[in-house]
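*Asks:* From first to last, the protein sequence lines stand for chains A and B.
Residue numbering for the first sequence follows UniProt numbering, starting at 1 and increasing by one per position.
Residue numbering for the second sequence follows UniProt numbering, starting at 1 and increasing by one per position.
Just so you know, even glycine gets a beta-carbon here, dropped at the ideal spot from N, CA and C.
Values in this document were obtained by computation on a predicted structure and should not be read as measured data.
Protein chains: 2
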Amino acid sequence: MNFSTRPSLSAPRSHAFCCTAMQCPAFVYSKLMSMHTFVKIFCTRVRHRATWPLCNDRLVRGTRDAMAKKTKTTSNATLPERANRTTIVDVARCAGVHWSTVSRGLNPEKRHLISPEMIERVETCAKQLGYRANAMASALRTQRSRTVGVIVSNLGDPVHPPIVRAIEDRFAEIGYVTIVGNTDNHPGRQAALIERFIQQGVEGLIVATFERNDPGIAVCVEANIPVVAVFRDPESEFVPSVRIDDAKAMELAVHHLAERGHRKIAHIGGPQNVSTGYHRYRGFRRACKALANQGVEPSAVFGEAFTVEEGQFACERLLADHNDITAIVAGNDMLAVGCLRFLRSKGIDCPNAISVVGMNDMLFMEDIAPALTTVRTPTADLGTQASCILVSMIQGLPISNDRILLKPELMVRDSVTSVDAQQSTKRRRPAK
Amino acid sequence: MNFSTRPSLSAPRSHAFCCTAMQCPAFVYSKLMSMHTFVKIFCTRVRHRATWPLCNDRLVRGTRDAMAKKTKTTSNATLPERANRTTIVDVARCAGVHWSTVSRGLNPEKRHLISPEMIERVETCAKQLGYRANAMASALRTQRSRTVGVIVSNLGDPVHPPIVRAIEDRFAEIGYVTIVGNTDNHPGRQAALIERFIQQGVEGLIVATFERNDPGIAVCVEANIPVVAVFRDPESEFVPSVRIDDAKAMELAVHHLAERGHRKIAHIGGPQNVSTGYHRYRGFRRACKALANQGVEPSAVFGEAFTVEEGQFACERLLADHNDITAIVAGNDMLAVGCLRFLRSKGIDCPNAISVVGMNDMLFMEDIAPALTTVRTPTADLGTQASCILVSMIQGLPISNDRILLKPELMVRDSVTSVDAQQSTKRRRPAK
DNA sequence: CTGAAAGCGCTTACAG
DNA sequence: CTGAAAGCGCTTACAG
Numbered sequence: 001m002n003f004s005t006r007p008s009l010s011a012p013r014s015h016a017f018c019c020t021a022m023q024c025p026a027f028v029y030s031k032l033m034s035m036h037t038f039v040k041i042f043c044t045r046v047r048h049r050a051t052w053p054l055c056n057d058r059l060v061r062g063t064r065d066a067m068a069k070k071t072k073t074t075s076n077a078t079l080p081e082r083a084n085r086t087t088i089v090d091v092a093r094c095a096g097v098h099w100s101t102v103s104r105g106l107n108p109e110k111r112h113l114i115s116p117e118m119i120e121r122v123e124t125c126a127k128q129l130g131y132r133a134n135a136m137a138s139a140l141r142t143q144r145s146r147t148v149g150v151i152v153s154n155l156g157d158p159v160h161p162p163i164v165r166a167i168e169d170r171f172a173e174i175g176y177v178t179i180v181g182n183t184d185n186h187p188g189r190q191a192a193l194i195e196r197f198i199q200q201g202v203e204g205l206i207v208a209t210f211e212r213n214d215p216g217i218a219v220c221v222e223a224n225i226p227v228v229a230v231f232r233d234p235e236s237e238f239v240p241s242v243r244i245d246d247a248k249a250m251e252l253a254v255h256h257l258a259e260r261g262h263r264k265i266a267h268i269g270g271p272q273n274v275s276t277g278y279h280r281y282r283g284f285r286r287a288c289k290a291l292a293n294q295g296v297e298p299s300a301v302f303g304e305a306f307t308v309e310e311g312q313f314a315c316e317r318l319l320a321d322h323n324d325i326t327a328i329v330a331g332n333d334m335l336a337v338g339c340l341r342f343l344r345s346k347g348i349d350c351p352n353a354i355s356v357v358g359m360n361d362m363l364f365m366e367d368i369a370p371a372l373t374t375v376r377t378p379t380a381d382l383g384t385q386a387s388c389i390l391v392s393m394i395q396g397l398p399i400s401n402d403r404i405l406l407k408p409e410l411m412v413r414d415s416v417t418s419v420d421a422q423q424s425t426k427r428r429r430p431a432k
Numbered sequence: 001m002n003f004s005t006r007p008s009l010s011a012p013r014s015h016a017f018c019c020t021a022m023q024c025p026a027f028v029y030s031k032l033m034s035m036h037t038f039v040k041i042f043c044t045r046v047r048h049r050a051t052w053p054l055c056n057d058r059l060v061r062g063t064r065d066a067m068a069k070k071t072k073t074t075s076n077a078t079l080p081e082r083a084n085r086t087t088i089v090d091v092a093r094c095a096g097v098h099w100s101t102v103s104r105g106l107n108p109e110k111r112h113l114i115s116p117e118m119i120e121r122v123e124t125c126a127k128q129l130g131y132r133a134n135a136m137a138s139a140l141r142t143q144r145s146r147t148v149g150v151i152v153s154n155l156g157d158p159v160h161p162p163i164v165r166a167i168e169d170r171f172a173e174i175g176y177v178t179i180v181g182n183t184d185n186h187p188g189r190q191a192a193l194i195e196r197f198i199q200q201g202v203e204g205l206i207v208a209t210f211e212r213n214d215p216g217i218a219v220c221v222e223a224n225i226p227v228v229a230v231f232r233d234p235e236s237e238f239v240p241s242v243r244i245d246d247a248k249a250m251e252l253a254v255h256h257l258a259e260r261g262h263r264k265i266a267h268i269g270g271p272q273n274v275s276t277g278y279h280r281y282r283g284f285r286r287a288c289k290a291l292a293n294q295g296v297e298p299s300a301v302f303g304e305a306f307t308v309e310e311g312q313f314a315c316e317r318l319l320a321d322h323n324d325i326t327a328i329v330a331g332n333d334m335l336a337v338g339c340l341r342f343l344r345s346k347g348i349d350c351p352n353a354i355s356v357v358g359m360n361d362m363l364f365m366e367d368i369a370p371a372l373t374t375v376r377t378p379t380a381d382l383g384t385q386a387s388c389i390l391v392s393m394i395q396g397l398p399i400s401n402d403r404i405l406l407k408p409e410l411m412v413r414d415s416v417t418s419v420d421a422q423q424s425t426k427r428r429r430p431a432k
C-alpha cells in the first residue's frame, strides 16, 4: 500500500478534484495514488470545501479577494500541493465575512473587537471546516515563531532527558514547541544545529553542550537569539547559565571519603574542555589539598568522554599506575558505572577493596550493584530554571540572577565503606 | 543585567537606530534595554547594514523594491521588532542584483541558472552580511516545513530517548528539524500536541503513544499528515507501525523460566489499553497455555502504568495473593525494577526466592542487582526504521512494509535461577 | 542568465 | 464593529 500523502506532486491534481469520485479516470489512472488514499483525500476535501463550487481547484483558490481584481491566474503548477489544509480564507468564505474578521474572532486578544454573534459564526465555521491556523504564516507575520531549541550532546545519555523533559513542559505551558538536537560533542554538529535552529526561527535556545569559551556563543549573540547555557558553564558574560555547583559536589564526595578514613583517593575525570569535567577536577583537587594535612593524597586519570567505556579504560589505567588507592571519585555516574564494571570484571570488590563515588544520581543508580553513593544533580530543576530564564528573556523581562548554581546533595548508599572495614575484609585486590 | 533581546517592543526603536552610539539619549533613556545590550545590538546592526544608509530604519526597510512604486509608507509600529535579521533583500542590495537572483544563487538546485561570477558575488555578500534564510518564510512558500514531530509519553522513561535520538539523527541527515512532546499518557495532552504540531506544519509525525484504536489517528489522517506509530501498535490500517514482537518476547521469557523448572509463573502487566501491555499479557498467557501440559500455571496482576512504583505495588499485591509463585515475568524493565525493589525491601532474595525477567533491556539493566535477565527491545532500530518509513511517506515513495515487527532477544543474566537451585537454598521467603 | 511579479497564510494599522 | 490592504521573507513561473 502506498501511504504517500503527496501523491500528486506531478499529477493533474487540480483537474482531479474537479470531478466526483465516480467520474475521475484521469486521477486514478495517474496511479500516483492508491484508491484508498484517493478516496480518503477526496472525502476530506469534499467535507472541508462543502461550500465551495467544485470546479477547477486553482480557480477556486483564485477566487480569493485578491483575485477579484486581477484577471490573470498565475499558474503554480509545480508548487507542491498544500495538504489542502483549510485556510482562514475558507473559513471567511463559509462565514460570509472578511478574513480579517475571522482572524480577530479566533484570536482571544482581539475578540473584544468583534460582535458576539460574529464570533459565534466564525467559530462555528472554523470548527466545521476543521480550521487550524498555520503557525508558520502567523509566525512570519508576527515575527514570533513560538518555538525554542534545545541542544544536548546525546539524548541517549540519561542525564539529558530529564532536562529536556522539564524544558518541554515549561514551554508547552505557554504554547511553545520544543525542537531538539544532539551534537555528540562535535563542535561541527553543534554549529550546524545552531545555524539550523536560528534559520528555523527559534525564539530562544537552551544549550547543554557549550564548551568553555565556545564560539557558538558569539553566533547566537550576533544573531540576537536569547540563549541560556544549562548544565555546563560557558564562562561567558553574554549567556546566563544554570548549572550544578560542580566543585562543591566533588568536595562533598572527597569529604565523605576522608571522613571514612580514605587517604589515597583517585579521581576519574571527564574531558577538561567542558566545564563539568574541568570544575569537577578542580573541585576534587582543591578539596584534597584542603585535607592534605590529614594525609589525603589525590591522584587522577581522565576519560575522553563521560561514558561507561571511558570509565572502564580509565579505571584500568588508574589501577595500573596507582595500585594503592582505596577510593575513587568518578567525574559522573557513567564513569562510575564503568569503574564498577571494570572492578567486577577483575573480581575486585566494591566497596570492600575500592570504594566508588559517582556524580549526578541518574535513574537506577540506587539499583545497581553496589547501590552507588553519588552526588545528586537535580536535572529536572536545571531544565526548569533554564526555561524560566529563557522565558523572561523572550518576553523582554529582566532576570534577577543570570548565574544560577544549584546545590549538590550527597546520596549515601553502598559503594563506599570505611578504610577500617576495608582492612578487616579482603581489602587488597588480587595481584594483577 | 537585562538580557532581553526584544527590549524595544514599545520603545522608539526606529529612531534609536538612526543615531550613533554617542548621540542616543532617547534610546538609552527609555531604559528598556541595558547599555550592554544596546551596544551589542547596535554594533551587530552597524556591521550587518554597513551598506545601508543609517537613516530611519522603517524607511530603509521601505526602500525594498515594492517601495519604489508606492509612496505611502505603512507604519507597523506595533509589530514586534524583527531580530533585525538580514534578509534576502539585504543581500540583493549588497550585491546590486534582484533578490530572485540571490535566491537562485544560494539554492544548489537552481544555481545552474546563474552565471558563476554572479554566484560568487551573491555568496560573498551573503557571507559578509551573515545571511541566513528564514526557514519559515521558505516553508510558507514551498509548503514544506522540513520539520517532523515526535510524540512520546515521557522522555524521563529510559526507553524513549534512544528512539527519539535515532529519529533526530535520521532527519538531521536530510536537513529536517525534530520537535518533541510528552503526553504522560494523557489522551488530552496527546490531542493537544498533535493539534499543535499540525499547526506548526510538521511534514510528518512519529507517535509512540497511540492507544489501541486511538482517536488521534483520525485527526492525522484527516489532516493528511503522514504518521507512523512506533513501539505501540495502533491497530489501524491507516498508520504504518514499527514495533517489537511483544508476544514473542513474553514467549521467550516464559520458555526460559519453564526450562529452568518454573511452573508457578506470574505476570506483572502494564496497562491493557496500550498494545504493549495488552500484547505482552496475551503473549504471556498463550505461552503458558502452550506449556500447560507441563504443569505451567500462570497468574497475573497489573500495574496502572509502566513505572517502578507500579511495579512495587503490583509485586506486593501479587505476593499477597499468590505466595507460591517462583518466578515473575514483568511487563517491562521499569516494572521489573519495581519488583526487585520490593523484594529487596522485604528481604526476599532474587533469584533464589523468586526469579524475575524484565523486558526492553534499558540502559544499566546489566548493572543492577541482580543483573536483570530481560528481553531486549532494539529501541534505536525502532526509531531508525520508523524514520525511514516516514521519510518515504514524506517523499511520496511507496513503502514496502508498513507493519514492521522487530525480533526480541533474550538477555540471560542473573535474575533467574532454576527451581532446583531455589529449593537447595533458602527458597521460601520469610513468612509475612 | 536576470528581473519583475505573484502568492504562500496570516496579522494589524487604517478607514469607514 | 467590519472591510480592504499591506507586508512578513521567501520561491518560482513567466518574460525578456
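Any idea if Thr412(B) is buried or exposed, counting beta-carbon neighbours within 10 angstroms, 16 or more meaning buried?
*Replies:* In the sequence under discussion, the amino acid at residue 412(B) is Val, which differs from the Thr named in the question. With fewer than 16 Cβ atoms within 10 Å of its Cβ, Val412(B) is classed as exposed.
*Asks:* Mind checking whether Thr379(A) and Val357(A) have CB atoms under 9 Å apart?
*Replies:* no
*Asks:* Helix, strand or coil for His255(B)? Go by DSSP, reduced to three states.
*Replies:* Residue state, collapsed to three classes: helix.
*Asks:* What does Ile404(A) pair with, by DSSP beta-bridge criteria?
*Replies:* Ile404(A) is bridged by DSSP to Val242(A).
*Asks:* Are at least three pairs of beta-carbons, each pair with one atom in the stretch 401-417 of chain B and one in the stretch 183-197 of chain B, less than 8 Å apart?
*Replies:* no
*Asks:* Taking Cβ-Cβ distances below 8 Å as the criterion, which residues of the UniProt domain "HTH lacI-type" (86-142) of chain B are in contact with chain A?
*Replies:* Result list: Gly130, Arg132, Ala133, Asn134, Ala135, Met136, Ala137, Ala139, Leu140 and Thr142.
*Asks:* Between the alpha carbons of Val329(A) and Ala266(A), how many angstroms are there, rounded?
*Replies:* 6 Å
*Asks:* Cα-Cα, which of Ser299(B), Asp157(B), Phe284(B) and Cys94(B) is closest to Ala320(B)?
*Replies:* Ser299(B)
*Asks:* Let me check understanding here. Comparing Cα to Cα, which of Ala421(A), Arg282(A) and Val230(A) lies closest to Val254(A)?
*Replies:* Arg282(A)
*Asks:* By Cβ distance, which residues of its chain are closer than 6 Å to Leu54(A), with the 5 residues on each side in sequence left out?
*Replies:* Bear in mind that a pLDDT of 22 at Leu54(A), under 50, signals an unreliable position, so the number given afterwards is only what the model happens to contain. None.
*Asks:* If we call anything under 9 Å between Cβ atoms a contact, is Val202(A) one with Ile174(A)?
*Replies:* no
*Asks:* Could you work out which residues of chain B lie near Ala369(A), taking near to mean beta carbons separated by less than 9 Å?
*Replies:* What Ala369(A) touches in chain B: Asp367, Ile368, Ala369, Pro370 and Ala371.
*Asks:* Exposed or buried, which one is Gln385(A) when buried takes at least 16 other CB atoms within 10 Å?
*Replies:* buried
*Asks:* Would you please state the rounded distance, in angstroms, between the beta carbons of Thr182(B) and Glu168(A)? I believe it to be under 8 Å.
*Replies:* The sequence shown places Asn at residue 182(B), rather than the Thr named in the question. That pair is a contact at about 6 Å.
*Asks:* Step through the CB atoms of chain A and report whether any lies within less than 9 Å of the CB of His160(B).
*Replies:* At least one chain A Cβ lies under 9 Å of His160(B).
*Asks:* For Asn154(B), count neighbouring C-beta atoms within 10 Å of its own C-beta (all shown protein chains included) and say buried if the count is 16 or more, exposed if not.
*Replies:* A residue is called buried when at least 16 other Cβ atoms come within 10 angstroms of its Cβ; Asn154(B) meets this threshold and is buried.
*Asks:* Just by C-beta distance, which residues in the stretch 170-184 of chain B are closer than 8 Å to chain A?
*Replies:* Ala172, Gly175, Val177, Thr178, Ile179, Val180, Gly181 and Asn182
*Asks:* Please name the residue in Glu310(B), Val150(B) and Lys407(B) whose C-alpha comes closest to that of Gln200(B).
*Replies:* Val150(B)
*Asks:* Are residue 434(B) and Ile268(B) touching if we call contact CB-CB under 9 Å?
*Replies:* In the structure as shown, chain B starts at 1 and stops at 432, and residue 434(B) therefore has no counterpart that could be examined.
*Asks:* To the nearest angstrom, how far is it from the Cα of Ile217(B) to the Cα of Thr209(B)?
*Replies:* Near 11 Å, if we compare the C-alpha coordinates of Thr209(B) and Ile217(B).
*Asks:* Three or more C-beta pairs under 8 Å: does that hold for the stretch 235-247 of chain B against the stretch 394-406 of chain B?
*Replies:* Contact holds: three or more Cβ-Cβ distances are below 8 Å.
*Asks:* Decide if Gln422(B) is buried, meaning its Cβ has at least 16 other Cβ atoms within 10 Å, or exposed.
*Replies:* buried
*Asks:* Looking only at its chain, what residues have a beta carbon closer than 6 Å to the beta carbon of Val337(B), apart from the 5 residues adjacent to it on each side?
*Replies:* Val308
*Asks:* For Ile268(B), which residues in chain A fall below 9 Å Cβ to Cβ?
*Replies:* The premise fails here: Ile268(B) is roughly 16 Å from chain A at the closest Cβ pair, so nothing lies under 9 Å.
*Asks:* Using 10 angstroms around the beta-carbon of Asn360(A), count the other beta-carbons present and answer buried if the total reaches 16, otherwise exposed.
*Replies:* buried
*Asks:* In this structure, what does DSSP give as the bridge partners for Thr374(B)?
*Replies:* Gly358(B) and Met411(B)
*Asks:* Do you know offhand how far Cys350(B)'s Cα is from Ser236(B)'s?
*Replies:* Using only the alpha carbons, I get a separation of about 40 Å.
*Asks:* In the DSSP output, what is Pro298(B) paired with across the bridge?
*Replies:* Ile265(B)
*Asks:* Checking contacts by CB at 9 Å: is Leu360(A) closer than that to chain B?
*Replies:* A small correction: the amino acid at residue 360(A) is Asn; Leu does not occupy that position in the sequence shown. False, the Cβ-Cβ gap to chain B never drops below 9 Å.
*Asks:* So if DSSP puts Thr307(A) in a beta bridge, which residue, or which two residues, is it bridged to?
*Replies:* Per DSSP, none; premise fails for Thr307(A).
*Asks:* Assign Asn182(A) to one of three DSSP states: helix, strand, or coil.
*Replies:* When DSSP states are grouped into helix, strand and coil, Asn182(A) belongs to the strand group.
*Asks:* By Cβ distance, which residues of its chain are closer than 8 Å to Val228(A), with the 5 residues on each side in sequence left out?
*Replies:* Gly204, Leu205, Ile206, Val207, Val239, Pro240, Ser241, Val242, Ala386, Ile389, Leu390 and Met393
*Asks:* Could you name the residues of chain A that Glu84(B) contacts, counting a contact when the two beta carbons are closer than 9 Å?
*Replies:* First, the residue type needs correcting, since residue 84(B) is Asn and not Glu in the sequence shown. What Asn84(B) touches in chain A: Asn224.
*Asks:* Spatial neighbours of Gln312(B) within its chain, please: CB distance less than 6 Å, with the 5 preceding and 5 following residues excluded, ordered by chain position.
*Replies:* Gly338, Arg341 and Phe342
*Asks:* Establish whether the CB of Glu193(A) and some CB of chain B are separated by less than 9 Å.
*Replies:* Going by the sequence as given, residue 193(A) is Leu instead of Glu. True, the Cβ-Cβ gap to chain B drops below 9 Å.
*Asks:* If you follow the alpha helix (DSSP H) that Ile167(A) is in, where does it begin and where does it stop?
*Replies:* Start and end: His160 to Glu173.
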